[in-house]
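Step one of this worksheet: look at the structure below.
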Amino acid sequence: MDRVDIEENISLPDVNAAYEILRSSLADLAKCGIVAPECRVDVDHHESSDESYAVESLLPSFQEMELNSWTEPDEHAKALLDIAKDCQGATGRWLRRLPALSIARYTHSSSCSFSQALAAMTKGVEASREGLKQECTV
163 MDRVDIEENI SLPDVNAAYE ILRSSLADLA KCGIVAPECR VDVDHHESSD
213 ESYAVESLLP SFQEMELNSW TEPDEHAKAL LDIAKDCQGA TGRWLRRLPA
263 LSIARYTHSS SCSFSQALAA MTKGVEASRE GLKQECTV
């Protein structure tokens, strides 16, 4: 990064960081009503009644997912982890924008489910890879 005559090297996000960036971005989209959980989470048992709690309960943190992956596999968390792994080498800024841009491009309604959002993100990563391949061959 080179800003205001201060030059500092910042490494690219690892899988853990990529997962958390994507998870956070999806939580923000859920707060806006763009991504809706497939099943309604009972928020009465939690202090916060906002949509971000529903997102956090549907998409566990990276550490929670690693701890519970063998006993309670979660299809959404696994799909998000696969996307994060496919995004190795991407910047944090690109990761943050991926969910919103993919949903805008690959879904055709004002809101979508988590499954639809994750499918759109997978297509977005694939399209980005194809674009890079075409740039390299030209």
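If you're matching positions, the sequence shown starts at 163 in my numbering and goes up one per residue.
C-beta: ideal position from N, C-alpha, C; glycine also.
Computed from a predicted structure; not experimentally measured.
- A residue is called buried when at least 16 other Cβ atoms come within 10 angstroms of its Cβ; S187 meets this threshold and is buried.
- A direct Cα-Cα distance of roughly 27 Å separates Y181 from E169.
- Straight-line measurement puts the Cα of S223 at about 13 Å from the Cα of A246.
- DSSP places I245 in the uninterrupted alpha helix (DSSP H) bounded by 237-248.
- Looking at the DSSP output, A198 sits in a beta bridge with S275.
- Comparing C-alpha distances from N171 to each of T253, L242, N230 shows the shortest one belongs to T253.
- Here the alpha carbons of R267 and A289 stand approximately 11 Å from one another.
- Shown here, I168 sits in a strand according to DSSP, grouped into three states.
- Measuring C-alpha to C-alpha distances from A198 to each of R291, E292, G286, Q278 identifies Q278 as the nearest.
- Going by C-alpha positions, M283 is about 23 Å away from S173.
- Straight through space, the alpha carbons of N178 and G293 are spaced by roughly 25 Å.
- Setting aside the 5 residues that flank it on each side, L243 is surrounded in the same chain by Y181, M227, each with a C-beta closer than 7 Å to its C-beta; the list follows chain order.
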